[in-house]
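Colleague:
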Amino acid sequence: MALREILIAPHPALKTKAEPVVDVDDEVRELLDDMLGTMYAAPGIGLAAPQIGVAKRLVVVDVSAKDSPNEPLHLINPEIVATGETREVAEEGCLSLPDIYADIERFERVFVRFRDRDGAVRELDADGLLARCLQHEIDHLDGVLFVDHLSMLRRRMLLRKLAKQQREKQRQAS
Ligand code: NI
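Position one of the sequence shown corresponds to residue 1 (our numbering), numbered consecutively onward.
(1) Going by CA-CA distance only, name the one from Pro10, Pro20, Val21 that's closest to Gln51.
(2) Look at the Cβ atom of Arg132, then the Cβ atom of Ala90, and state whether they are nearer than 9 Å.
(3) Might you give, ordered along the chain, the residues of its own chain that have their beta carbon closer than 6 Å to the beta carbon of Leu158, omitting 5 neighbours on each side?
(4) Check the DSSP bridge columns for Glu105 and list the partner residues they point to.
(5) Identify whether Arg176 lies in helix, strand or coil by the three-state DSSP scheme.
(6) Return the CA-CA distance between His140 and Ser174, expressed in angstroms with no decimal places.
(7) Mind checking who Thr83 pairs with in its DSSP beta bridge?
(8) Below 9 Å between beta carbons: does that hold for Arg57 and Asp34?
(9) Hey, would you say the C-beta of Glu137 is under 8 Å away from at least one heavy atom of the ligand NI?
(10) Going by C-alpha distance, which of Glu27, Ala2, Val28, Gly46 is nearest Leu129?
(11) Can the beta-carbon of Glu137 be found less than 9 Å from the beta-carbon of Arg113?
(12) I need the DSSP call for Glu5, collapsed to helix, strand or coil.
(13) Please determine if the stretch 92 to 99 and the stretch 59 to 75 are in contact, where contact requires at least 3 C-beta pairs separated by less than 8 Å.
(14) If you drop the 5 nearest sequence neighbours on each side, which residues of the same chain put their C-beta closer than 8 Å to that of Leu150?
(15) Taking the alpha-carbon positions, what's the Ser68 to Val144 distance?
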């Protein structure tokens with residue numbers, strides 16, 4: 001497993017639509033391992049391949065509680081095939097937008113179809129935090145960031161705040 005660099009907005013790779021994975025082979029499994037290790041190290045609860053500069057439809061997620069065993073999910077070509085009717089608003093963040101948070105409206109429940117590490121087709125009926133996390137990560141595969149769900153004004157404000165924070169971080173490092 002190798003730790004990968006997580007790209008920070010407004011990196012253009014984060015705005016790119018990712019390609020479906022055709023063959024679930026060792027190369028793909030290695031990528032998933034790198035992604036999961038990188039996500040745990042960050043730490044975060046979800047990571048999509050575009051966030052490490054790989055334009056493939058791969059997502060890793062683990063929403064288990066901090067003091068309980070890990071429950072990693074590896075999703076290849078995940079797609080939302082159905083949703084519940086209820087939506088709810090909750091605060092989100094993203095490893096590609098460090099220290100930026102905003103209230104985002106999502107479906108409370110989603111049905112996701114994907115391929116697992118062995119290439120088998122699986123379906124997941126998710127609600128709560130897992131449903132939110134899956135919607136956020138699948139958005140990444142289409143080049144959509146959580147701030148893209150906000151008004152243009154609010155998005156610009158948050159992206160400016162992020163840019164300023166990144167400049168200050170760079171200044172402190174140099
Ligand atoms: Ni994210």
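All residues carry an ideal CB built from backbone N, CA and C; glycine is no exception.
Keep in mind that this is a model prediction, so the values were computed, not measured.
Modeller: A quick look at the data gives this:
(1) A check of alpha carbon separations from Gln51 across Pro10, Pro20, Val21 identifies Pro10 as the nearest.
(2) In this structure, Ala90 lies closer than 9 Å to Arg132 by Cβ.
(3) Residues of the same chain with a CB within less than 6 Å of the CB of Leu158, apart from the 5 flanking positions on each side, are Ile100, Val147 in chain order.
(4) According to DSSP, which records beta bridges pairwise, Glu105 is partnered with Val89.
(5) Nothing in the structure corresponds to residue 176, since the chain is present only between 1 and 174.
(6) Computed Cα separation, rounded: 31 Å.
(7) Per the DSSP secondary-structure output, Thr83 pairs in a beta bridge with Val110.
(8) Note that the C-beta distance between Arg57 and Asp34 is not below 9 Å.
(9) Glu137 Cβ: within cutoff of the ligand NI.
(10) The option with the nearest alpha carbon to Leu129 is Gly46.
(11) No, the Cβ-Cβ distance between Glu137 and Arg113 is not below 9 Å.
(12) When DSSP states are grouped into helix, strand and coil, Glu5 belongs to the coil group.
(13) Proximity of the stretch 92 to 99 to the stretch 59 to 75 falls short of the contact definition, fewer than three beta-carbon pairs being nearer than 8 Å.
(14) Excluding positions up to five away in sequence, the list reads Ala102, Ile104, Leu158.
(15) Spanning the alpha carbons of Ser68 and Val144 requires a straight line of approximately 31 Å.
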